[in-house]
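Report on one structure; see the data block that follows.
Numbering (full-length UniProt numbering), first residue to last: 1 to 483.
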C-alpha cells in the first residue's frame with residue numbers, strides 16, 4: 001500500500017454506511033441512543049439544534065445516527081442545507097423530502113398527492129418578491145437588444161423609453177400588491193389547510209419523522225434564516241422532529257454580518273424558533289484518544305496492528321493529552337506527519353512535537369517536560385503500586401525518581417517498549433540546564449541534539465529553527481505540487 005493510498009483509506013463514505021457507529025472512536029453511540037429515546041417521546045413535535053464547533057464530528061454523528069434510526073424502524077430524512085442554498089426558498093425542498101418519505105409508508109402514501117397540491121399552492125406565494133420581478137422585466141428587455149436600440153435612437157428617445165419601462169414595471173408592482181391584498185385570506189386558508197392535512201397525514205406514522213438538516217452554518221445566511229423560519233411557520237406539527245445541525249456561534253455571527261442583528265445585545269435570534277439545544281459533548285474522555293491515535297498510526301503504517309504500541313504512539317498520546325485537538329484537527333496533523341516524516345524513527349518524534357505546536361510554552365524543553373509529566377500521570381495513577389507490582393524499589397525515595405526515568409520504566413515494564421529516546425532528551429535538557437558554564441551547556445545540547453536535528457547544526461539554537469523551517473518548506477512544496 002502506498003503512502004497516498006494509506007491516506008485515502010481514511011476517506012470514509014458517509015453516504016454508504018452499513019453498520020451504525022462502526023469506527024466510533026469518540027463514544028458517540030451513547031449520545032445517539034439517548035437522543036433516539038428523547039425523540040421517541042416527542043409526540044408533540046419539536047425543533048432541536050445540535051450545536052458543535054468545527055471539526056467535532058457533527059456530520060459523522062448525524063449520518064451514523066440516521067443509519068441507527070433506519071435500523072430501528074424510524075422515518076428519517078437527512079438534508080445538506082449547504083448543498084441546497086442556491087435555491088431562493090427552502091419550502092419546496094423541505095416539502096419534497098417529507099412527501100418522498102411519506103410516499104414510502106403504507107399508512108400515509110395515499111395522502112401524498114393532495115399534500116403535494118397544497119404545497120404547490122403555498123409555493124406560488126413564496127416566489128421572489130416584486131422588485132426582483134420588475135428587475136427581471138428590465139433584464140429581459142435588455143437581453144432582447146432593447147438597450148442597444150435606445151443608444152442608437154439618441155438621448156431623448158432613450159429617456160422616453162426608460163420612462164415607459166419604469167411605468168410598466170410600476171404598474172406590474174401595483175397589480176401584484178393588489179392581488180396580494182385580495183388573495184391574503186385565500187393564502188391564509190391554504191396555509192391552514194396545508195398544516196391541517198400535514199398533521200393528519202404524519203399522525204398515521206408509527207414513529208415520529210426525524211428531519212436532520214446539516215451544514216446550516218455554511219449556508220448563505222439569508223437561506224439559513226429563511227429555512228428555520230419556514231420550519232416554524234409551515235411544519236411545526238406533531239410527530240415531526242427537526243434536528244438542526246450547526247455551529248451556533250458561527251451562524252449567529254453570519255446573521256450579525258448579513259443583517260446587522262447582534263444576538264449579544266438584542267437576544268438570541270434563534271431562540272424564538274428552537275425548542276431545545278443539545279450541546280455536542282466536546283470534553284472527550286481521554287481514553288478515546290488512545291483509540292483514535294492507534295487507528296491513525298496504523299492507517300499510515302506506523303503500527304503493524306491495532307494491538308501494537310511503540311514510543312511514537314505514547315508520545316502522540318502525550319501530545320494529544322496536552323493539546324486536546326478535535327478529531328478533524330488531529331487527523332489532519334497525522335496526515336501532514338505522514339507526508340513529512342523521515343526514515344529516522346527518533347527524528348519523527350521530534351517532527352510530531354513541532355507539528356503539534358510548542359506554543360504556549362516558552363521553549364521545546366518546557367514543552368516536552370510538560371507533556372511527558374501529563375502522560376506519566378495518565379498511565380500510572382499510583383506509583384508505589386506500580387513499583388510493588390514489578391518488584392522494583394526506590395532506593396532514594398519515589399519523589400526522587402525523575403519524570404524521564406518514570407517514562408522509561410513505565411513504557412518498559414507495563415508496555416514492553418524497551419528502547420526509548422524522549423527520556424534521554426529530557427535528561428540532556430536537564431543536564432544542560434544544571435550546567436553553570438555556557439560552553440559546557442552548549443556542548444551537552446549540541447552533542448545530543450545533532451542526532452535528532454533535521455539538518456546538520458553548528459549550534460543548538462539551530463535545532464528548533466531548522467525543524468520549523470523544514471515543516472514550513474516541505475508543506476509549501478507539497479501544496480505547490482498539488483495545486
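Just so you know, even glycine gets a beta-carbon here, dropped at the ideal spot from N, CA and C.
This one's a predicted model, so the numbers in the text were calculated from it and none came from an experiment.
Restricting to Cα atoms, I'd like to know which of the options is closest to residue i.
i, options, result
"residue 288", "29, 236, 302, 195", "29"
"residue 484", "205, 222, 223, 231", "What the structure shows of the chain is the stretch from 1 to 483, and residue 484 is not part of that stretch, so it cannot be assessed."
"residue 112", "206, 361, 201, 389", "201"
"residue 74", "101, 97, 373", "101"
"residue 427", "418, 448, 413, 416", "448"
"residue 412", "105, 392, 425", "392"
"residue 66", "52, 17, 53", "17"
"residue 344", "450, 76, 22", "450"
"residue 98", "106, 441, 352, 76", "76"
"residue 60", "116, 459, 328", "328"
So residue i packs on residue j, CB below 8 Å; how close in whole Å?
i, j, result
"residue 322", "residue 370", "7 Å"
"residue 226", "residue 82", "14 Å between Cβ atoms; not a contact."
"residue 56", "residue 280", "6 Å"
"residue 356", "residue 324", "At roughly 11 Å, the Cβ-Cβ gap does not stay under 8 Å, so residue 356 and residue 324 are not in contact."
"residue 216", "residue 244", "6 Å"
"residue 417", "residue 291", "Not a contact, Cβ separation roughly 19 Å."
"residue 248", "residue 437", "Actually they do not touch by this definition, with Cβ atoms about 57 Å apart."
"residue 296", "residue 331", "6 Å"
Looking at the unbroken alpha helix (DSSP H) that takes in residue i, where does it start and where does it end?
i, result
"residue 268", "It is not in any alpha helix (DSSP H) - residue 268 carries neither H nor E in the DSSP assignment."
"residue 388", "383-389"
"residue 211", "Careful: residue 211 lies outside any alpha helix (DSSP H), inside the beta strand (DSSP E) at 209-214."
"residue 368", "364-379"
"residue 396", "First-last for residue 396: undefined, no H or E at that position."
"residue 227", "221-234"
"residue 322", "311-323"
"residue 20", "Where residue 20 is concerned, there is no enclosing alpha helix (DSSP H), given that its DSSP letter is neither H nor E."
"residue 204", "Taken as a continuous stretch (DSSP letters only), residue 204 belongs to no alpha helix (DSSP H), as it is neither H nor E."
"residue 401", "Premise fails: residue 401 is in no alpha helix (DSSP H) and is neither H nor E."
"residue 423", "422-434"
"residue 354", "345-356"
"residue 442", "438-449"
"residue 334", "327-340"
Tell whether a beta-carbon distance below 7 Å holds between residue i and residue j.
i, j, result
"residue 210", "residue 62", "no"
"residue 78", "residue 212", "yes"
"residue 241", "residue 42", "yes"
"residue 118", "residue 193", "yes"
"residue 457", "residue 467", "no"
"residue 366", "residue 452", "no"
"residue 306", "residue 294", "yes"
"residue 45", "residue 189", "no"
"residue 374", "residue 398", "no"
"residue 270", "residue 474", "no"
"residue 379", "residue 401", "no"
"residue 85", "residue 220", "yes"
"residue 408", "residue 430", "no"
"residue 87", "residue 123", "no"
"residue 103", "residue 110", "no"
"residue 318", "residue 372", "yes"
"residue 35", "residue 276", "no"
"residue 442", "residue 469", "no"
"residue 465", "residue 364", "no"
Just reading off the beta strand (DSSP E) that residue i is part of, what are its end residues?
i, result
"residue 243", "240-246"
"residue 276", "276-279"
With a cut-off of 7 Å, does the C-beta of residue i fall near any C-beta of chain B?
i, result
"residue 340", "The structure shown contains no chain B; it holds only a single protein chain."
Please tell me whether, using a cut-off of 6 Å, the distance from the CB of residue i to the nearest non-hydrogen atom of the ligand HEM is below it.
i, result
"residue 22", "No copy of the ligand HEM occurs in the structure displayed, which carries no ligand at all."
**OP:** Quick one: which unbroken beta strand (DSSP E) runs of 3-plus residues sit fully inside the segment 22-104? Chain order, please.
**Re:** 46-51, 75-80
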